[in-house]
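Okay, here's the thing in structure tokens:
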């Protein structure tokens, strides 16, 4: 046996170590490569991580973009608009009043919850100060960030964990979502959180027999009504849906409905009593529906908001409001709008159709090219969400019909009055979930189709 043969035999008997596994780039995998996937595996489904990342991004944007520096034009009216005005009146001891410019008296123009929040911040940190603006915008950002939690839970219940992860993280990261919580002192982010929380709670009530969730259902709806009364258009569908779903399982709901109703009444009755004491008549939370109806229906109506008739932009209307008082002014504006509608119902139907388009495709801009440029993604998101809803209904996924009724009922008040871009934001979490669901299913089907085609070619 030669030396070469001896060496070769030894080499053959020597154990061969496995080569280091390669990462996707083709290089040897390091410790970092193994740690990062484990960290992401833990973080991707962590609601705490979602909320922290979302809140950090929003606060960072507030600081970097100086969004807390509201302009002092019109005595800082852009800082909270009517709610900011009411908050100032509360903070200086004038009560829930003066929603416009100057002293205009008691009001029920806006729901009470957010103006009282503004008043509390103004009382502590100063009226229309930058510090107050920072605190209020951080509160909005916190509401927006926490919305990740009900989104994740809803999507996991109605779809699957993959949709839940993508939806919640998209909400945390998307600039279009961040915008409303960091730019405006308004109830938009709080209303969005409340509506998502209500949706999640309804899904829980369907499966549970305890009365505590019903108590929370009534309380959440009460808080929502005191925040944004437009959300109440979804309340009947919630009640009917959960009653029907529980009845199919042989569960009783009457006692729960009674408890929820009592809790809701306990939340809203004090404010209704306040309105009766202030105006001498029954007013359910806010008074301005007639005025809003007139701002969308009347001579010159084209489906958009006729803001030039609003008391904040029209000195003549403001004087008229002061002279008549809020209740008489709103009644007159309602009468004008109803008369205009009755003159030509087909015209009103066309205006409602325009507002339907503007709600889902975005309001018109100054030019056609600007409209297409600004609204293309807005419209595309609506189309993809509706396609996702159609697929969910066909697959009979849990909660699909509840989402259907949300998308049908919530916009109805705006179809009859007027549409602004922020009006759609409270249902954006559900739209985003439907969009993600539809896209993931489409891509998965394409991937499977490509795999089948590749297999056929190789064979």
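Residue numbers (this note's numbering): 291 to 749.
From the three backbone atoms N, C-alpha and C, an ideal C-beta is built for every residue, glycine too.
{"Check": "Terminal residues of the alpha helix (DSSP H) in which residue 706 lies", "Outcome": "702-706"}
{"Check": "C-alpha distance - residue 687 paired with residue 451, whole-angstrom precision", "Outcome": "14 angstroms"}
{"Check": "Rounded separation between residue 448 and residue 514 - CA only", "Outcome": "23 angstroms"}
{"Check": "First through last residue of the alpha helix (DSSP H) which encompasses residue 596", "Outcome": "Unbroken run through residue 596: none, as it is neither H nor E."}
{"Check": "Beta-carbon proximity check, residue 629 vs residue 707, cutoff 7 angstroms", "Outcome": "no"}
{"Check": "Simplified DSSP assignment, three categories, for residue 396", "Outcome": "strand"}
{"Check": "Alpha-carbon spacing of residue 684 relative to residue 338, whole angstroms", "Outcome": "33 angstroms"}
{"Check": "Proximity of residue 705 and residue 453 at Cβ, strictly below 7 angstroms", "Outcome": "no"}
{"Check": "Anticipated Cβ contact below 8 angstroms, residue 651 with residue 669, distance rounded", "Outcome": "4 angstroms"}
{"Check": "Nearest residue (CA-CA) to residue 438, options 424, 429, 456 and 426", "Outcome": "456"}
{"Check": "Assigned secondary structure, residue 387 (DSSP; H/G/I helix, E/B strand, else coil)", "Outcome": "strand"}
{"Check": "CB contact flag (residue 724, residue 678, <7 angstroms)", "Outcome": "yes"}
{"Check": "Sequence-distant residues of its chain with Cβ nearer than 8 angstroms to residue 632 (five each side left out)", "Outcome": "none"}
{"Check": "Which of helix, strand or coil DSSP assigns to residue 304", "Outcome": "Any answer about residue 304 is weak, because its pLDDT of 49 lies below 50 and its placement is not dependable; what the coordinates show is given next. Here residue 304 sits in coil by DSSP."}
{"Check": "Residue 408 to residue 353 span [Cα, whole Å]", "Outcome": "20 angstroms"}
{"Check": "Integer-rounded CB distance, given that residue 371 should sit under 8 angstroms from residue 423", "Outcome": "At roughly 13 angstroms, the Cβ-Cβ gap does not stay under 8 angstroms, so residue 423 and residue 371 are not in contact."}
{"Check": "Separation of residue 365 from residue 585, as counted between CA atoms", "Outcome": "24 angstroms"}
{"Check": "Delimiting residues of the alpha helix (DSSP H) encompassing residue 507", "Outcome": "502-515"}
{"Check": "Member of 461, 425, 577 and 658 whose CA lies at the smallest distance from the CA of residue 387", "Outcome": "577"}
{"Check": "Nearest-angstrom Cα separation, counted from residue 465 out to residue 526", "Outcome": "33 angstroms"}
{"Check": "Residue 693 versus 711, 531 and 622, residue with shortest Cα-Cα distance", "Outcome": "531"}
{"Check": "Buried versus exposed call for residue 635 [16 or more other C-beta atoms within 10 Å across all chains shown]", "Outcome": "exposed"}
{"Check": "Nearest-angstrom Cβ-Cβ length linking residue 508 and residue 574, presumed shorter than 8 angstroms", "Outcome": "Not confirmed; about 16 angstroms, so no contact."}
{"Check": "Same chain only: Cβ atoms within 7 angstroms of residue 730, ignoring 5 sequence neighbours per side", "Outcome": "452, 453 and 456"}
{"Check": "Whole-angstrom C-beta distance between residue 462 and residue 620, which should lie under 8 angstroms", "Outcome": "Incorrect: roughly 40 angstroms between the Cβ atoms, too far for contact."}
{"Check": "Buried versus exposed, by CB contacts within 10 Å (16 or more), residue 662", "Outcome": "exposed"}
{"Check": "Of the residues 421, 467 and 380, the one placed nearest residue 716, counting alpha carbons only", "Outcome": "467"}
{"Check": "Distance CB(residue 368)-CB(residue 412) smaller than 7 angstroms", "Outcome": "no"}
{"Check": "Residue 521 beta carbon less than 7 angstroms from that of residue 552", "Outcome": "no"}
{"Check": "As assigned by DSSP and simplified to three states, the class of residue 719", "Outcome": "helix"}
{"Check": "CB-CB length for residue 545 against residue 536, believed under 8 angstroms", "Outcome": "About 12 angstroms separates the two Cβ atoms, so there is no contact after all."}
{"Check": "Alpha-carbon spacing of residue 643 relative to residue 336, whole angstroms", "Outcome": "42 angstroms"}
{"Check": "Cβ pair residue 471, residue 518 closer than 7 angstroms", "Outcome": "no"}
{"Check": "Nonlocal neighbours in the same chain, by C-beta distance under 7 angstroms from residue 701, ignoring five residues either side", "Outcome": "649"}
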